[in-house]
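A.B. asks:
In the numbering used here, the protein residues as written are 1 to 171.
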């Protein structure tokens with residue numbers, strides 16, 4: 001079992017952007033990477049999405065992704081989910097309102113990104129607040145065997161006012 005994290009890289013947006021490209025995030029020789037998204041502030045209350053970056057740091061937008069996601073609302077104990085076996089991004093990976101204290105944090109793990117002979121897998125969870133508290137859990141697979149060097153983080157609509165993303169190698 002993994003026992004420690006090695007800080008590798010940080011990405012930060014301090015002014016409004018439509019996306020943040022985390023290039024060369026998975027080039028350090030780890031089988032597992034942990035990604036922490038914090039200090040996020042958004043212009044619209046909606047979900048976030050992830051696309052992987054190929055060996056040239058180009059965003060992969062083909063329908064090579066599969067995911068399953070679960071939202072757990074604190075308002076009535078209700079749950080909702082989304083899933084797809086063939087889509088162009090990992091969808092609904094987190095949700096938050098428009099104030100900077102709404103997105104409490106999102107952590108996800110990437111497995112096998114550097115191995116060009118295998119699929120890349122992910123699992124993640126986030127905590128946030130819209131008009132009620134939310135917990136989100138998700139899993140995903142990129143169904144094309146290729147080297148993955150990073151990822152693109154973006155919103156379903158609106159912009160990102162600010163965000164900090166840290167990448168760790170898991171030993």
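For every residue, glycine included, the Cβ atom is placed at its ideal position computed from N, Cα and C.
(1) Just to confirm before moving on: does the CB-CB distance between residue 140 and residue 127 stay below 9 Å?
(2) Quick one: what's residue 18 bridged to in DSSP?
(3) Would DSSP call residue 30 helix, strand or coil?
(4) Can residue 142 and residue 124 be called in contact, C-beta distance under 9 Å?
(5) What do you get for residue 92, buried or exposed, if any count of 16 or more other CB atoms within 10 angstroms of its CB means buried?
(6) Any idea what DSSP makes of residue 23, helix, strand or coil?
(7) For residue 13, which option in 157, 163, 158 and 115 has the closest C-alpha, if you only look at C-alpha atoms?
(8) Could you work out which residue in 16, 37 and 10 is closest to residue 25 when comparing CA atoms only?
(9) In the DSSP output, which residue or residues are listed as bridge partners for residue 73?
(10) DSSP three-state call for residue 154: helix, strand or coil?
(11) Are the beta-carbon atoms of residue 44 and residue 166 separated by less than 9 Å?
(12) Between the Cα of residue 144 and the Cα atoms of 47, 49, 131 and 87, which residue gives the shortest distance?
(13) Determine the burial state of residue 18: buried for a count of at least 16 other Cβ atoms within 10 Å of its Cβ, exposed for fewer.
(14) For residue 30, which option in 84, 120, 130 and 155 has the closest C-alpha, if you only look at C-alpha atoms?
(15) So, under 8 Å CB-CB, residue 33 and residue 170 are touching, yes? Tell me the CB distance rounded to an integer number of Å.
(16) Going by the beta-carbon positions, is the gap between residue 148 and residue 52 smaller than 9 Å?
(17) Is the beta carbon of residue 89 sitting closer than 9 Å to the one on residue 69?
C.D. replies: Here's the rundown:
(1) Position 140 of the chain shown, counted from the start, is the residue given in the question as residue 140. Position 127 of the chain shown, counted from the start, is the residue given in the question as residue 127. Result no, Cβ atoms of residue 140 and residue 127 do not sit closer than 9 Å.
(2) Position 18 of the chain shown, counted from the first residue, corresponds to residue 18. Bridge partners of residue 18: none, in fact.
(3) Numbered from 1 along the chain shown, position 30 holds the residue referred to as residue 30. Note: residue 30 maps to coil in three-state DSSP.
(4) For the purposes of this step, residue 142 is taken as residue 142 along the chain shown, with counting starting at 1. For the purposes of this step, residue 124 is taken as residue 124 along the chain shown, with counting starting at 1. No, these two residues do not count as a Cβ contact at 9 Å.
(5) Looking up residue 92 in the chain shown gives position 92. Result: buried.
(6) If you number the chain shown from 1, residue 23 lands on position 23. Correct three-state label for residue 23: coil.
(7) As a first step, residue 13 is located in the chain shown; it is residue number 13 there, counting from the start. Nearest C-alpha to residue 13: 163.
(8) Here residue 25 is taken as the residue at index 25 of the chain shown, counted from 1. The shortest Cα separation from residue 25 among 16, 37 and 10 belongs to 10.
(9) Position 73 of the chain shown, counting from 1, holds the residue named residue 73. Partner(s): 134.
(10) As a working mapping, residue 154 is identified with position 154 in the chain shown. Here residue 154 sits in strand by DSSP.
(11) Residue numbering aside, residue 44 sits at position 44 when the chain shown is read from its first letter. Residue numbering aside, residue 166 sits at position 166 when the chain shown is read from its first letter. No, they are not a contact pair.
(12) As a first step, residue 144 is located in the chain shown; it is residue number 144 there, counting from the start. Residue 144 has its Cα closest to that of 87, out of 47, 49, 131 and 87.
(13) Residue numbering aside, residue 18 sits at position 18 when the chain shown is read from its first letter. Answer is exposed; the Cβ neighbour count stays below 16.
(14) To locate residue 30, count along the chain shown from 1; it is residue 30. When each option's Cα is compared against that of residue 30, the closest is 120.
(15) Position 33 of the chain shown, counted from the start, is the residue given in the question as residue 33. Position 170 of the chain shown, counted from the start, is the residue given in the question as residue 170. Indeed they touch by this definition, with Cβ atoms about 7 Å apart.
(16) In the chain shown, counting from the first residue as 1, residue 148 sits at position 148. In the chain shown, counting from the first residue as 1, residue 52 sits at position 52. The answer is yes: Cβ separation under 9 Å.
(17) What you label residue 89 is simply residue 89 of the chain shown in a count that begins at 1. What you label residue 69 is simply residue 69 of the chain shown in a count that begins at 1. In this structure, residue 69 does not lie closer than 9 Å to residue 89 by Cβ.
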